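Notes to accompany the following structure.
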Amino acid sequence: MTSTTAGDARSTDTQWTDLKAHWQELADLGGIGSLLGWDQSTYLPSGAAAGRARQQSLLSRMVHARATDADYGRLLDAVQGRGDLSPAQTRMVALARKNFEEATRFPAEFVAAWSQHGGESYSAWTTARPDNDFTRMVPYLEKSLDFSRQAAAYFPEFGDPMDYFIDRSDEGMTAAQVGEVFSKLREALVPLADAVIGAAPPRTDFLHRHYPAATQLAFGEAVIRDYGYDFTRGRQDLTHHPFMTRLGGADVRITTRVKENDLGEALYSTLHEAGHALYEQGVSGEFLGTPIGGGVSAGVHESQSRLWENLVGRSRAFWAAYFGKFRDAFPEQLSDVSEDEMHRAVNTVARSLIRTDADELTYNLHVITRYELERELLGGTLAVRDLNDAWHAAYERNLGLRAPNDVNGALQDVHWYFGSIGGAFQGYTLGNVLSAQFYAAAEKANPGLEDDIARADFSRLHGWLRKHVYAPGGLYQPAELVERATGQPMTVEPYLKYLREKYGELYALS
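Residue numbers (this note's numbering): 177 to 686.
Below, the structure written as structure tokens:
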């Protein structure tokens, strides 16, 4: 009996060791894919695009083969039936099983073709956008839509194709739930934005003076060091459309873009992507290389970029801490500017065409516009060839504006040009909602956070977030993580309270 028990223990230990090794291999292959994508978005020579697309296609086939390996499936079966798993191990196996079942439904040829198309589409977008040529992208988008519909069709249990794509990025959410959130926000934010836009605007002329790129970048990097971003485990580079990516367990990189006549472009792109990176750098080391070794959902991830960009980076306390240093960095450009004028300027509310440049009050209207267009494309009520016209009509309806060109129209966001359409945008608004909910919970647990921020001391805020949001990684489903961290399910009320109080004060609304 003793010998048999010892043998069983060795067997189960070996099973778990083999499973972790397989997960680490999948994570490493994913990191290699991220490295190829990071290079494509930063340093890849324009003439090398075709070769990179082939490499990405080859890698996707390798990943798919390992992710659908029959022995791996049998190992999951054996481990899933055990009764001695910890809660973390149980969640790891459950997510691995979900990922395995998803991967096995996709034929390898489909995965490879989809990946190669994504690389080709992105490369085409990088030239079509500066050339202001949406027509060039129509065949790519038509192919992307076809791939997306095929992918959703492999999962008929999702009656709405959008439900499939939302669940991939925001596990447990549905199009109906997203629509309910959007409806509440639209009802509350449209009149608030109208009231603010109708008030006297702040002075903003100084934001568009000449600010050397190198100085802008250095200042932004100094701020995110204060935030807690670890440059020994990351770096920042320039790209067309800023993003964060994990290339390995200890390699979490960010990108930004800079305009020498726009003071906010580089700073707030840097703060935004650093928020994503703080999340990834804060995931518990014991979870790295496993299915729960990263951010739990697009919405929770976006909550961190928006929290550090907006609730911290656009606050009065932030500028109390940094305005003097900012003016030291740009003494000539800011010689006639006060701290209050800077704070008001970076919180200007105005109808605009660019989502990433939008203020907090109108930003969600940009997201809702894109989300609704995605639903129409997937549902077959909008043809790709008509997307540009539909974009213009939606912007006139939702924001009262019409883009003068394709660059600021349907070519604006990179998301649709990676080869997939669906579920790309709702996470931004969910993140806005959650950013205020997480911050309110952190503030309740740590009274006086604004005083900390005014001293450029982010240790209590970062520490609370690291413990309650970052460290768990994907240990809990998104809804459970939110409730554990804040004591309540996701709600729009803290977000609306934050916006009403902030902009009511800034614009002297009654």
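We treat Cβ as the ideally placed atom computed from N, Cα and C, and that holds for glycine.
Small disclaimer: the values here were computed from a predicted structure and weren't measured.
Practice problem: Helix, strand or coil for Leu537, going by three-state DSSP, please let me know. | Solution: coil
Quiz prompt | Cutoff 6 Å; reference Glu619; Cβ partners in own chain excluding five residues on either side | solution = Leu625
Self-check item: Cβ-based neighbour list, Met349, same chain, cut-off 6 Å, excluding 5 preceding and 5 following
Solution: Ile342
Self-check item: Rounded separation between Asp565 and Leu423 - CA only
Solution: 38 Å
Quiz item: Who are the near neighbours of Gly663 in its chain, counting only those whose CB is closer than 8 Å to its CB and skipping five residues on each side?
Solution: Ala617
Practice problem: Look up Ile430 in the DSSP assignment and give the residues it is bridged to. | Solution: Gln412, Met420
Quiz item: In the stretch 622-649, which residue ranges form an unbroken alpha helix (DSSP H) of at least 4 residues, counting only runs that do not cross its ends?
Solution: 625-630, 635-641
Practice problem: Whole angstroms is fine: what's the gap from Thr432's alpha carbon to Thr218's? | Solution: 10 Å
Practice problem: Flag this pair as touching only if the stretch 536-550 and the stretch 604-614 have three or more C-beta atom pairs under 8 Å; answer yes or no. | Solution: yes
Quiz prompt | Sufficient close CB pairs (3 or more, under 8 Å) joining the stretch 318-336 to the stretch 457-477 | solution = no
Self-check item: Exposure label - Gly374; buried when at least 16 CB within 10 Å
Solution: exposed
Quiz prompt | Assigned exposure category for Ser481 - 16 Cβ within 10 Å defines buried | solution = buried
Quiz item: Leaving out the 5 sequence neighbours to the left and right, which residues in its chain are closer than 7 Å to Ala493 when beta-carbon positions are compared?
Solution: Glu626, Ile629, Ala630
Quiz item: Mapping DSSP to helix, strand and coil, what is Thr667?
Solution: coil
Quiz prompt | Option nearest Asp504 by Cα separation, candidates Ser236, Tyr387, Glu277 | solution = Tyr387
Quiz item: In chain order, what residues of the same chain have a beta carbon less than 8 Å from the beta carbon of Ala351, not counting five sequence neighbours either side?
Solution: Asp336, Met338, Asp339, Ile342, Arg551
Quiz item: Is the beta carbon of Ser345 sitting closer than 7 Å to the one on Ala225?
Solution: no
Practice problem: Under 7 Å Cβ to Cβ from Asn584, same chain only, skipping five residues before and after it: list those, please. | Solution: Leu529, Ile530
Self-check item: Through-space distance from Lys673 to Ala491, alpha-carbon basis
Solution: Going by the sequence as given, residue 491 is Ser instead of Ala. Going by the C-alpha atoms only, they are around 15 Å apart.
Quiz prompt | Chain-order list of residues whose beta-carbon lies under 6 Å from that of Ala688 (same chain, five-residue window excluded) | solution = It is not possible to answer for residue 688, since the shown part of the chain is limited to 177 through 686.
Exercise. Please look up how many angstroms separate the CB atoms of Gly649 and Val472, rounded, as I've assumed it's under 8 Å.
Key: 7 Å
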